[in-house]
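Mature numbering (1 follows the signal peptide of the UniProt record, and there is no 0) puts the sequence shown at residues -17 to -1, 1 to 659.
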Amino acid sequence: MKRKVTGLLLISAAGLAACSNEDPADPEDTLDAYLESWNSGSYEEMPNYLTASSEQEINSFDWDFAERYSDIYEALSVTIEDITYEARDFEEEDINLEELEEISYPVTVDMETAAGSLSYETEVELEKIVDEEEDTEEWQTTWQPQHLMAGLEEPDEQVAIEREEPVRGEIFDRTGEPLAVNGEIARVAVVPEAAEDTEEAAAEVASVLDLNEEQTIEAASAYPDNPDWAAPVQDLPTGDERIDELLEISGVSVSTVEGREYPYGEVSGALIGYIGAMTAEELEEVDEGYSSTSALGKSGVELIKEEELRGTTGVEIAIQNEAGETRRIVQSVEAEAGTDVTLTIDIDMQQEMAEIIGEDSGTGVVMNPQNGETLVLASEPSVDSNLRYLGLPDPRAEELETPEILTERRFQRAYSPGSVWKPFTAVAGLEAGTLDPEEALDIDGARWQPDDSWGGYQVTRVNEDVDSVDLEAAMSYSDNIYFARQALALGADEMKSWGERFGMEDTFPFDFPLHASQLANEGFDNEILLADSGYGQGEVELPPVHLNALYSMFIREGEVAQPMLFEDSEKTSSGVTDSETAGLVRETLINVVEDENGTAHRPDPGHGRSLAGKTGTAELKSDQTVEDGEQIGWYTSFDYEQEDYVTTMMIQNVEEYGGSGYVVDLANEFWETLDE
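Have a look at this one:
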């Protein structure tokens, strides 16, 4: 009968002894206790079941028994899965336990290691020890090196593990243009023997590269016993203009080594991210296959696709003699390169968008509404992936009042949309029957409230000269009062229901995880919040990617294309409204651009496209008494004839440039590049 030791009750060594007037001691009681200590990781208990000669042999070495087990198993990432042996039926085998002096059991050990599953068989010999003075007898185990690891023959042999890092997969755009590749980097080093003064040379390097001087000097002095060795102090991109200046410093050398390259730097930095050295905290959290020398994705696609890009680490577990020579390979698995990742991004379009955003803080998103492929995810200003990967300071950080804006992925974050939300209030009202597109509301002046219950709060609008406003005019002029009244007519329950249909009560699904979208923090608890939500203020927030995707319903007859970032993502869409409603709102969006009074109208936009779209200026201020609050400018547009792209641009702090009209001009610049 096969006996598993997992979960067996541990018995103290003293409890295994039998008096002569009792039943004879059973060797399997000792075997069970010994194997259970091994199986459960209670290595300090194992010597309790060993013979005196085994203990004496173990104590002759300069290692602690329990520590050696723990250290080797930790280094090899060992998990004991099972330890079993074939139990003996002494009565059936006609074995007299009183006369039996020794016995041996073949034991099967199943474990998982860094190299995979390992199963081996080892002999466990037991010897009966009789204490005539105490009139007791007990069974004890003779320790063998294989009780620690397969292949060990001598106690002083070592178990060694070697890891081979896999070749990381590369990242490409839709045309095969490299965005993150395995290439070369420049390694700057100081050779003390060749330097006139090592510390002075290191200090000069620190000055040129804007590094910490003390740390650079310490790195340059890493090999005090080998002054002819080149001590690495910093890696750089191979094209860094400062390399020539560094080579003029006494004792400085620059060599080429393998490394990760990000050809488009900050243009794709927020999207692609970067890889970096494993921290101690990360090493504790990640799955098997990593070591302290591994690199892993820290942000962006490098992080999102880490599992695919990473590949499989090669591992070899070997037995080495006292001289460090390999005597036997116990287990090995070859390294497997990571998988390449292809994005739907068009890096040329992305570069154009980044250049147009320029020195502003903002984002640009472009999607093909026919299939959901995301062509542009730009965020500026952005980190340069090369600098982050190499641990170099970003010179722009010193120029910025808030350097943290470099790390913002604006296409991912949720923002107040302002008036670009109005088309969806229109869709909800039309579908619910509370909005009649032909009905003109009488609106007098620039401010409005339904009654005195609102106190001093009033909804404001820009186009105060227009006193009869229907849907078409309200969209063209971007009339806040019209859409506030439509939201109140729709009601809180319908607004919430339509918000759910628009994906506003959850995280909108996308290959690059987005921040959650919402209509309100905790529901519409008052009329003012409901009214403000109708024109995209209040507590309405959503990421630009989500907003951009919603506009595809005006091209797809009411269906929203699910945006995708990876070439192998599934192309899907979901019906939100009917084609008649989508078509009606679409006409009002054409009017926003083509009507001479429309907020996005330009007599000469600079391109030959036939655009429809909506502008929006979200005001970020605590209350209406604040006059000069921050403004976010939006413009979402699409070509209603070619129906090839939907694009959303969002620029922060547009109060300095007159609001969302500034964004319209930038978007027109982008559309012009598509005509070239």
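Cβ coordinates follow ideal geometry from the N, Cα and C atoms, glycine included.
Local Cβ density within 10 Å of residue i, reported as buried at 16 or more and exposed below that
{"i": "Val113", "result": "exposed"}
{"i": "Leu(-9)", "result": "At Leu(-9) the pLDDT is 41, less than 50, meaning the model places this residue with poor confidence; the figure from the coordinates comes in the next sentence. With fewer than 16 Cβ atoms within 10 Å of its Cβ, Leu(-9) is classed as exposed."}
{"i": "Tyr273", "result": "buried"}
{"i": "Trp46", "result": "exposed"}
{"i": "Lys597", "result": "buried"}
{"i": "Gly(-11)", "result": "Residue placement at Gly(-11) is flagged as unreliable, the pLDDT there being 44, under the threshold of 50; a coordinate-derived value is accordingly withheld."}
{"i": "Ser461", "result": "buried"}
{"i": "Gly438", "result": "exposed"}
{"i": "Gly(-3)", "result": "Unreliable placement is indicated for Gly(-3), whose pLDDT of 49 sits below 50; no coordinate value is reported for it."}
{"i": "Asn651", "result": "buried"}
{"i": "Thr385", "result": "exposed"}
{"i": "Gly152", "result": "buried"}
{"i": "Phe44", "result": "exposed"}
{"i": "Glu145", "result": "exposed"}
{"i": "Ser436", "result": "exposed"}
{"i": "Pro89", "result": "exposed"}
{"i": "Asn209", "result": "exposed"}
{"i": "Ser102", "result": "exposed"}
{"i": "Asn504", "result": "exposed"}
{"i": "Tyr206", "result": "exposed"}
{"i": "Gln198", "result": "exposed"}
Limits of the beta strand (DSSP E) - the one that residue i falls within
{"i": "Tyr103", "result": "Gly99 to Asp114"}
{"i": "Gln635", "result": "Val629 to Gln635"}
{"i": "Ala163", "result": "Pro161 to Val173"}
{"i": "Ala214", "result": "Ala214 to Pro220"}
{"i": "Pro89", "result": "Glu85 to Thr96"}
{"i": "Gln141", "result": "Gln141 to Glu147"}
{"i": "Trp122", "result": "Thr119 to Thr125"}
{"i": "Lys405", "result": "It is not in any beta strand (DSSP E) - Lys405 instead sits in the alpha helix (DSSP H) that spans Lys405 to Ala415."}
{"i": "Lys554", "result": "Segment: none, Lys554 is in no beta strand (DSSP E) and carries neither H nor E."}
{"i": "Met350", "result": "Gly345 to Met350"}
{"i": "Arg293", "result": "It is not in any beta strand (DSSP E) - Arg293 instead sits in the alpha helix (DSSP H) that spans Glu289 to Arg293."}
{"i": "Ser315", "result": "Thr309 to Val316"}
{"i": "Thr62", "result": "Thr62 to Glu69"}
{"i": "Glu241", "result": "Val235 to Glu244"}
Beta-carbon proximity list for residue i, same chain, < 6 Å, skipping 5 on both sides
{"i": "Ser251", "result": "Leu162"}
{"i": "Pro378", "result": "none"}
{"i": "Gly412", "result": "Leu418, Gln469 and Leu473"}
{"i": "Met350", "result": "Thr357, Asn531, Pro546 and Val629"}
{"i": "Ser(-6)", "result": "Unreliable placement is indicated for Ser(-6), whose pLDDT of 47 sits below 50; the coordinate value is still reported in the next sentence. Once the five neighbours on either side are set aside, Ser(-6) has no close Cβ partner at all."}
{"i": "Arg310", "result": "Ile302 and Asn304"}
{"i": "Thr34", "result": "Glu110, Gln123 and Thr125"}
{"i": "Arg430", "result": "Gln441 and Thr443"}
{"i": "Arg592", "result": "Asp622 and Trp654"}
{"i": "Ala457", "result": "Tyr465"}
{"i": "Glu265", "result": "none"}
For residue i, the residue or residues it bridges with in DSSP
{"i": "Arg430", "result": "Thr443"}
{"i": "Asp622", "result": "Leu594"}
{"i": "Tyr257", "result": "Ser282"}
{"i": "Gly599", "result": "Trp617"}
{"i": "Ala361", "result": "Gly347"}
{"i": "Leu547", "result": "Inspection of the sequence shows that residue 547 is occupied by Met rather than by Leu. Glu356, per the DSSP bridge assignment."}
{"i": "Glu319", "result": "Thr295"}
{"i": "Phe155", "result": "Pro161 and Thr325"}
{"i": "Asp425", "result": "Ser451"}
{"i": "Glu524", "result": "Gln501"}
Close Cβ partners of residue i (< 8 Å) along its chain, the five nearest in sequence each way excluded
{"i": "Ser238", "result": "Ala169, Arg170, Ala172 and Ala213"}
{"i": "Pro128", "result": "Leu135, Glu136, Glu137, Pro138 and Glu140"}
{"i": "Asp578", "result": "Ser459 and His584"}
{"i": "Tyr398", "result": "Glu524, Leu525, Pro526, Pro527, Ala601, Ile615 and Met633"}
Beta-carbon proximity list for residue i, same chain, < 7 Å, skipping 5 on both sides
{"i": "Glu391", "result": "Ser362"}
{"i": "Ser277", "result": "Glu148 and Met261"}
{"i": "Ser23", "result": "none"}
Continuous alpha helix (DSSP H) stretch holding residue i: start and end
{"i": "Ile484", "result": "In the sequence under discussion, the amino acid at residue 484 is Arg, which differs from the Ile named in the question. From DSSP, the alpha helix (DSSP H) with Arg484 extends over Ala475 to Arg484."}
{"i": "Tyr52", "result": "Phe48 to Ala58"}
{"i": "Ser459", "result": "Leu454 to Tyr460"}
{"i": "Ser516", "result": "Glu510 to Gly517"}
{"i": "Thr180", "result": "What sits at residue 180 in the sequence shown is Asp, not Thr. No alpha helix (DSSP H) contains Asp180, which DSSP labels as neither H nor E."}
{"i": "Trp21", "result": "Pro10 to Ser23"}
{"i": "Val507", "result": "Rather than Val, the amino acid found at residue 507 in this sequence is Phe. Note, Phe507: premise wrong, no alpha helix (DSSP H); not H, not E."}
| query | Counting Cβ pairs, one atom from each stretch, are 3 or more of them under 8 Å apart for the region 350 to 367 and the region 531 to 545? | reply | Counting Cβ pairs under 8 Å, three or more are found: they touch.
| said: Between the region 633 to 643 and the region 547 to 560, can you find at least three pairs of beta-carbon atoms closer than 8 Å? | reply: They do not touch, by the three-pair rule.
| Taking one C-beta from the region 93 to 101 and one from the region 45 to 64 each time, how about it: are there three or more such pairs within less than 8 Å? | Between the region 93 to 101 and the region 45 to 64 there are three or more inter-stretch CB-CB distances shorter than 8 Å, so the stretches are counted as touching.
| said: Whether or not the region 568 to 576 and the region 491 to 505 are in contact is what I'm after, with contact meaning three or more pairs of Cβ atoms, one per stretch, closer than 8 Å; do they touch? | reply: With a cut-off of 8 Å on Cβ pairs, the region 491 to 505 is not in contact with the region 568 to 576, counting fewer than three such pairs.
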